[in-house]
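To convert, take the position in the sequence shown, counting from 1, and add 132; that gives my numbering. Have a look at the structure below, then the notes.
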Amino acid sequence: MTNPTINQFNEQFDKLFGGPARAFAELSVNHLDSLVSTQMDAAKAYTDLGIRQVRTALDIREPQDVQKYVQGQQEVAKELGDRVKGDAEKVVALNQKFAEEAQKLSQQNAQGVQKAATSKTGGSKSTGKQAAQAK
Numbered sequence: 133m134t135n136p137t138i139n140q141f142n143e144q145f146d147k148l149f150g151g152p153a154r155a156f157a158e159l160s161v162n163h164l165d166s167l168v169s170t171q172m173d174a175a176k177a178y179t180d181l182g183i184r185q186v187r188t189a190l191d192i193r194e195p196q197d198v199q200k201y202v203q204g205q206q207e208v209a210k211e212l213g214d215r216v217k218g219d220a221e222k223v224v225a226l227n228q229k230f231a232e233e234a235q236k237l238s239q240q241n242a243q244g245v246q247k248a249a250t251s252k253t254g255g256s257k258s259t260g261k262q263a264a265q266a267k
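This is the structure in structure tokens:
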């Protein structure tokens, strides 16, 4: 048993609220997935760097090995700094993309609401004074 009024209400609700909410949820989940992936890649890189440093330290056998290890720390610091900078830039880019796409969704939703409101009023924009004169 279907009621045309209920069906129309459900369609309008889905068009104005359900659809945009699902679109934003999908956008959010995709953004979260990208962020987690970026963080996992960064964590792996930092872990690999740390393990590599421990292995290098374990290879120290003679005084010149200590000197070589200490000199290598400058390269490690530069590598780490570059990696942190790159990871931060990735996260900023992901967040900017998310913000732009969320804004676009909001604008599309606002246009949909405005279009629906205009179609319900028949496109007329009468003022209260005009409505009173019509009576």
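For every residue, glycine included, the Cβ atom is placed at its ideal position computed from N, Cα and C.
Practice task
Give a yes or no on whether the minimum CB-CB distance between Lys210 and chain C is below 8 Å.
Solution key: Of the chains in the structure shown, none is chain C; there is only one protein chain.
Exercise for the section: Check each candidate in Thr170, Asp165, Asn139 and name the one with the smallest Cα separation from Lys222. Expected result: Thr170
Handout entry: Asp146: first and last residue of the uninterrupted alpha helix (DSSP H) it sits in
Key = Note, Asp146: premise wrong, no alpha helix (DSSP H); not H, not E.
Problem - Where Ile138 falls: helix, strand or coil (DSSP) - result: helix
Practice task
Pick out whichever of Val208, Asp197, Leu237, Leu167 has its Cα sitting closest to the Cα of Ala220.
Solution key: Leu167
Practice task
Might you give, ordered along the chain, the residues of its own chain that have their beta carbon closer than 8 Å to the beta carbon of Val198, omitting 5 neighbours on each side?
Solution key: Ile192
Practice task
Please classify Glu194: does DSSP put it in a helix, a strand, or coil?
Solution key: coil
Practice task
Give every residue of the same chain whose Cβ lies closer than 7 Å to the Cβ of Pro136, excluding the five residues on either side of it in the sequence, and list them in chain order.
Solution key: If the five residues before and after Pro136 are omitted, its C-beta is found closer than 7 Å to no C-beta atom of its own chain.
Practice task
May I have the straight-line CA-CA distance separating Phe149 from Lys229, to the nearest angstrom?
Solution key: 23 Å
Handout entry: Of the listed residues Asn162, Ala242, Glu143, Gly218, nearest to Asp268 (C-alpha basis)
Key = Residue numbering for the chain in the displayed model covers 133 to 267; residue 268 lies beyond these limits and cannot be assessed.
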